[in-house]
Structure formats: C-alpha cells, structure tokens
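The numbering of the sequence shown is the numbering used here, which starts it at 1064 and goes up by one. Positions of the beta carbon are idealized from the N, C-alpha and C atoms, including for glycine.
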Amino acid sequence: MSKKNDRKSEAPLPALEAWELAVVEVFCRGAAMLGLRKSVGMVYGALYCADEPLAITDLQEKLLLSRGACVEATQLLRRFGAIRVVIRLGERKDFFEAETDLKKFAAGALHEILLPAVEKTSLRLEHASKLARGNAAKTKIAKLRAAKDALASLVPAVEKILG
C-alpha cells in the first residue's frame, strides 16, 4: 500500500481533545506496523474515542481527511471486524462505531493480512524452488520455507489466544 499522506494538512487536529490525539497516534503507529495507511489508524482511533457513532462526514471534519481516505479506511476496518455500521432511523448515511474488544480487531487483522501473506509466500517460494539451480540456492529456499512454516504454525496459537 502507498505510504502517501492521506491528510490534507499536517496541522494539529483541532476537533480532537489532547487525549484523543494521543489515542489516534497509538492507532496510527499500529496501522503503520501492519503496513496500513495512517488514515486507517486515524479513523479507528477517532471511532474508538467517540461517545457516539460517526458518519464519514464527521470523520472528515475531525481528522481533516479526504472522503476517499475515510471511505477506504472504514471499508477495511469493517472487513477486519474492527468497526460496525450503526443505522439511525431517518438518516440516509451510515454511521460507524468501533469494536472496542481489541482481540476481535487483532483476529480480523490476522485473517485479512497475515494469512493471505503466508499463502502468497508459499506460492512464491514454490516458484523460486522450481527456478533454483544448485544446492546453495535450494538450501536458501529451504531455510525460507522453514521460516514461513514456523510463522504459519503460530497462527493457530494466536487465534486461540485471541479467542
């Protein structure tokens, strides 16, 4: 994913209180560690701090993000199970609230990011193995395959911890 800045400005976010800014920063750093856009962390952080569900327009105002960045972030966060849509009678727009059980968020990220990456790595290593010439190359690929298998074996344990 692109690391381009999704914010319209690097100015502080005046619509957020100091504690909210600090929480948003925590989730921004977490998103970066997962290779996600900063806007994903910002949107989740804002929803996590909010006392009531927020619409895309609310997120745009609070975070100074583009509509596209907010929509993309909410779609991804919904796939993770990190946020949910809240319907308000008489409103045409969707409102979102955060899932505050971070274990559910982590489990969603595990299934959306780590498992597909392990599968793709398996395919790439299989391809590399077919192309490898000589024992040195085959040994290096075998080491990579063992590391990938070790990582994949952790997935069930992590799933059990996350419940």
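A straight line joining the alpha-carbon of V1181 with that of L1188 spans about 10 Å.
Straight-line spacing of the CA atoms in R1141 and G1197 works out to 47 Å.
In this structure, DSSP gives I1150 a state outside helix and strand, which the three-state scheme calls coil. Within its own chain, no residue has a Cβ closer than 6 Å to the Cβ of S1129 once the five positions on either side in sequence are excluded.
With respect to the 7 Å criterion, P1116 and E1160 are classified as neighbours on the basis of their beta carbons.
Secondary-structure assignment with DSSP links A1118 through a beta bridge to F1158. For F1168 against E1175, the beta-carbon gap comes to about 11 Å, at or over 8 Å, which does not count as contact.
The alpha-carbon of A1172 is positioned some 18 Å away from that of V1134. Contact between L1126 and V1106 is confirmed by a C-beta separation of about 7 Å, below the 8 Å threshold. Comparing alpha carbon positions, the residue from I1204, P1179, A1199 closest to A1191 is I1204.
A Cβ-Cβ contact shorter than 7 Å links R1151 with F1158. Here the alpha carbons of L1217 and A1078 stand approximately 41 Å from one another.
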